[in-house]
């Protein structure tokens, strides 16, 4: 059983609420598509059968749990009221509001300017950024629409699309050369997107502007659909090659944190937990 986060603050931990939360998490596990019996719920959550039954009946009264069958064959599943509450929760979440503290931390820990972009007709539109307080300023404008093939934000967004959709965007905008490092061959670029999807972050290594390097990663929502991308941008001069993977990983982790708040579920992590 997963330890309740509330257990970290026992002074304010209400055991009955924690038990209900544990039961909902147990019913939500991918392996429980057919539901669980009272006995199974009690076993998974390490509670007595009477406590499990009482909690299940209370949750059922609020529509948070549903059941079918009779006697020993009765199975419990998540109730449809959770879908309504989930929709309400998502409507109250602002992508910019969720991302802002993560961007601030990214800038502080990496020493680079961070940005948030959303997809719009195949382009990356910058909707928020956290700047550095320094003399050398990069021209990172709010509302700026970036080409998808040569920027960290653009490539991150494309990498989260099905390959056919990404190819359609490439065919629409082409692969204009911005610097000598810009990828301008269609097949090479599509293979590059597959590599980005595999590692979880994109690198714009002087492909949009000479002397500037950018790392971007996609943000996913509760449907595992790309809702946006985050990036860090700085001057390449003096940046050692060994830092690339480290910085890319930091951006990927930041995007993952935002995705989890938006309701994204890491299927790989769920599969590992269920096994």
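Numbering (this note's numbering), first residue to last: 1 to 275. Note that the Cβ used here is the ideal one computed from N, Cα and C, for glycine as well.
The beta carbon of residue 99 is closer than 7 Å to those of 116, 128, 230, 258 in its chain, skipping five residues each way along the sequence. Just so you know, the alpha carbons of residue 104 and residue 247 end up roughly 15 Å apart.
If only complete runs of 3 or more residues are kept, the region 199-269 shows the beta strand (DSSP E) at 202-205, 212-220, 226-235, in order along the chain. By the CB criterion at 8 Å, residue 41 and residue 26 fall inside the cutoff. Taking 3 residues as the minimum length, the beta strand (DSSP E) runs contained wholly in the region 40-114 are 65-68, 75-78, in order along the chain. For residue 201, the closest C-alpha among the options 174, 218, 211, 47 is that of 218. DSSP lists no beta-bridge partner residue for residue 185. Under the DSSP definition of a beta bridge, residue 129 partners with 115.
In the structure shown, the three-state DSSP call for residue 178 is coil. Counting C-beta pairs with one atom in each stretch, the region 156-170 and the region 185-201 have three or more that are closer than 8 Å, which means they touch.
Non-local C-beta neighbours of residue 35 in its own chain, meaning closer than 6 Å and more than five positions away in sequence, comprise 75, 76, 77, ordered along the chain. DSSP places residue 123 in the strand class (E or B) of the three-state scheme. Contact check for residue 250 against residue 109 passes: the beta carbons are separated by less than 8 Å. Within a 10 Å sphere around the beta-carbon of residue 39 sit fewer than 16 other beta-carbons, which makes this residue exposed.
Rounded to the nearest whole angstrom, the CA to CA distance from residue 225 to residue 28 is 20 Å.
Annotated three-state conformation of residue 153 is helix, per DSSP.
Contact between residue 113 and residue 234 holds: their C-beta atoms lie close to 7 Å from each other, under 8 Å. Residue state for residue 24 is assigned as helix, using DSSP reduced to three classes. Excluding sequence positions up to five before and after residue 156, its CB lies within less than 6 Å of the CB of 202, 216, 217, 218, 229, all in the same chain and listed in chain order.
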